[in-house]
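Below is one structure, written out as structure tokens, with a few remarks after it.
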Amino acid sequence: MTQAHLVLRRTALVTGASRGIGRAIAQALASRGVRVAVHFHSQAQSAETVRGSLAGEGHIACQADLTDRAATGRLWQQVLAAFEHVDVLVNNAGIFLGHPPLSTGLDAWAEAWRATLAANLLGPANLSLLAAQTMAEQPELDAAGRGRIVNVSSRGAFRGEPEAPAYGASKAGLNAMSQSMAKALAPHGVFVYCLAPGFVETDMAAPVLAGPEGPGIVAQYPMGRVSTPDEVAQVAVFCALDAPPAMTGSIIDVNGASYLRT
Ligand code: NAD
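To get the numbering used here, take the position in the sequence shown, counting from 1, and add 143.
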């Protein structure tokens, strides 16, 4: 790594970027001149379409199951080899599995917890470690520091997830991890931000919004609608590129005043 890095374009790895919020974040970062690694799990064609849609050149698509530690390590090395430096990690990939407490057997309950924590908490934890160790050794970009990690959490961490307690717990864990990592990494010029969206119009939320609960959910939103992926992406880009270091450790609500925590 040399000081030449200072004049190169910012780079970012966005996980789960073949669709939904991740796609919107990848597109918004690219429109700000960032070179983006579009990570995907299984939707290679969609990821390639997203990569092709990004403004500017030099973007890549890269596959990994983030519940697989070895695959996660290979992903990080692949992105580092392609870009030489990684300035932004956006931990966006995640899953939502319903497992209502009074109608789920113990085996299905345990499996929902295992799978949810693996995807929503352990995957981001592993990538955050790799990012932290890389970024802390990179030259300072500018006053913005050496690198930034942006974690996509959920209002469910605060409001509760009665149909999917593991989801709420995984996001509460992600919040706590973000704050711990912010403390650990700030002395090294690496800053950590966390977003807590409410409902967002994506494939993940579509079944619930289209079901019998849909109108009641929309009624929680004083704007009369849930959020769009682009709105969440605007906040993610702010954290990735513009937010002051003084905001490291912040958990930022993006929920249209549907849930006001104190
Ligand atoms: P989505 O289902 O459209 O996208 C999630 C992405 O994560 C997919 O591309 C999927 O392939 C990827 N992914 C899941 N498991 C993976 C694994 N093991 N390895 C690699 N990739 C994996 O969902 P979305 O709505 O765009 O959600 C993005 C993030 O926003 C998630 O972390 C979600 O929890 C969070 N969020 C979403 C909403 C919402 O209402 N949509 C609300 C709050 C928070």
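From the three backbone atoms N, C-alpha and C, an ideal C-beta is built for every residue, glycine too.
Considering only the alpha carbon of each residue, which of Thr345, Thr210 and Thr259 lies closest to Pro308?
Indexing the sequence shown from 1 puts residue 308 at position 165. Nearest of Thr345, Thr210 and Thr259 to Pro308, Cα basis: Thr259.
With hydrogens ignored, establish whether the beta-carbon of Phe239 is closer than 7 angstroms to any heavy atom of the ligand NAD.
On the sequence shown, residue 239 is found 96 positions in, with the first residue counted as 1. The answer is yes for Phe239.
If we require 4 or more residues per run, which alpha helix (DSSP H) segments fall completely within the stretch 197 to 239?
Taking only runs of at least 4 residues, the alpha helix (DSSP H) segments lying wholly in the stretch 197 to 239 are 212 to 226.
The stretch 352 to 365 contacting the stretch 380 to 397, beta-carbon criterion three pairs below 8 angstroms:
Because the criterion of three Cβ pairs below 8 angstroms is not met, the stretch 352 to 365 and the stretch 380 to 397 do not touch.
Which value, in whole angstroms, describes the spacing of the CA atoms of Ile414 and Met366?
An answer regarding residue 414 cannot be provided, because it is not within the stretch 144 to 405 covered by the chain.
Could you check whether the stretch 223 to 238 touches the stretch 154 to 169, counting it as contact only if at least three pairs of C-beta atoms, one from each stretch, sit closer than 8 angstroms?
Under the Cβ criterion (8 angstroms, minimum of three pairs), the stretch 223 to 238 counts as touching the stretch 154 to 169.
Under 8 angstroms by Cβ, that's how I've got Gly324 and Ala275 pegged, so tell me the actual separation to the nearest angstrom.
To locate residue 324, count along the sequence shown from 1; it is residue 181. To locate residue 275, count along the sequence shown from 1; it is residue 132. Here residue 324 is Met; the residue named in the question, Gly, does not match the sequence. Correct: roughly 7 angstroms between the Cβ atoms.
Under the three-state reduction of DSSP, which class applies to Pro282: helix, strand or coil?
The residue you call residue 282 lines up with position 139 of the sequence shown. It is coil, neither helix nor strand.
Three-state secondary structure (DSSP) at Asn269?
By one-based count along the sequence shown, residue 269 stands at place 126. Helix, per DSSP.
Would DSSP call Gln146 helix, strand or coil?
Sequence index remark: in the sequence shown, residue 146 carries index 3 (1-based). Note that Gln146 scores 49 on pLDDT, short of 50, meaning its location in the model is unreliable; the coordinates nonetheless yield the value given after this. Under the three-state reduction of DSSP output, Gln146 falls in the helix class.
Since Leu317 and Pro267 should fall inside the 8 angstroms C-beta cutoff, what is the C-beta to C-beta distance between them, to a whole number of angstroms?
Along the sequence shown, read from residue 1 onward, the residue named residue 317 stands at position 174. Along the sequence shown, read from residue 1 onward, the residue named residue 267 stands at position 124. The C-beta distance from Leu317 to Pro267 rounds to 6 angstroms, short enough to fall under 8 angstroms.
Going by the DSSP bridge assignment, what does Thr154 pair with across the sheet?
In the sequence shown, counting from the first residue as 1, residue 154 sits at position 11. According to DSSP, residue pairing for Thr154 in a beta bridge involves Arg178.
How many Å lie between Val229 and Val369 at the Cα?
On the sequence shown, position 86 is the one that residue 229 refers to. On the sequence shown, position 226 is the one that residue 369 refers to. Roughly 32 angstroms separates the two Cα atoms.
Using 8 angstroms as the threshold, is the C-beta distance between Ala198 and Ser174 below it?
As a first step, residue 198 is located in the sequence shown; it is residue number 55 there, counting from the start. As a first step, residue 174 is located in the sequence shown; it is residue number 31 there, counting from the start. Yes; because the gap between Cβ atoms is below 8 angstroms, this pair is in contact.
Count the other C-beta atoms from every protein chain shown that fall within 10 angstroms of the C-beta of Pro340, then say buried if there are 16 or more, exposed otherwise.
As a first step, residue 340 is located in the sequence shown; it is residue number 197 there, counting from the start. Burial call: buried.
If you draw a straight line from the C-alpha of Ala349 to the C-alpha of Val335, how long is it?
Mapped onto the sequence shown, residue 349 falls at position 206. Mapped onto the sequence shown, residue 335 falls at position 192. As the crow flies, the alpha-carbon of Ala349 is around 29 angstroms from that of Val335.
Leu403 beta carbon less than 8 angstroms from that of Val378:
Walking along the sequence shown from the start, residue 378 turns up at place 235. Walking along the sequence shown from the start, residue 403 turns up at place 260. It is not a contact, given that the beta carbons lie outside the stated cut-off.
Quick one: does the C-beta of Met347 sit closer than 7 angstroms to a heavy atom of the ligand NAD?
Walking along the sequence shown from the start, residue 347 turns up at place 204. At least one heavy atom of the ligand NAD lies less than 7 angstroms from the C-beta of Met347.
Taking 7 angstroms as the cut-off, does the CB of Ser393 come closer than this to any heavy atom belonging to the ligand NAD?
Taking the first residue of the sequence shown as position 1, residue 393 is located at position 250. No - the ligand NAD has no heavy atom lying nearer than 7 angstroms to the Cβ of Ser393.
At a threshold of 7 angstroms, does His242 count as lining the ligand NAD (C-beta to nearest heavy atom)?
Counted from its first residue, the sequence shown places residue 242 at position 99. His242: no, Cβ never under 7 angstroms from the ligand NAD.
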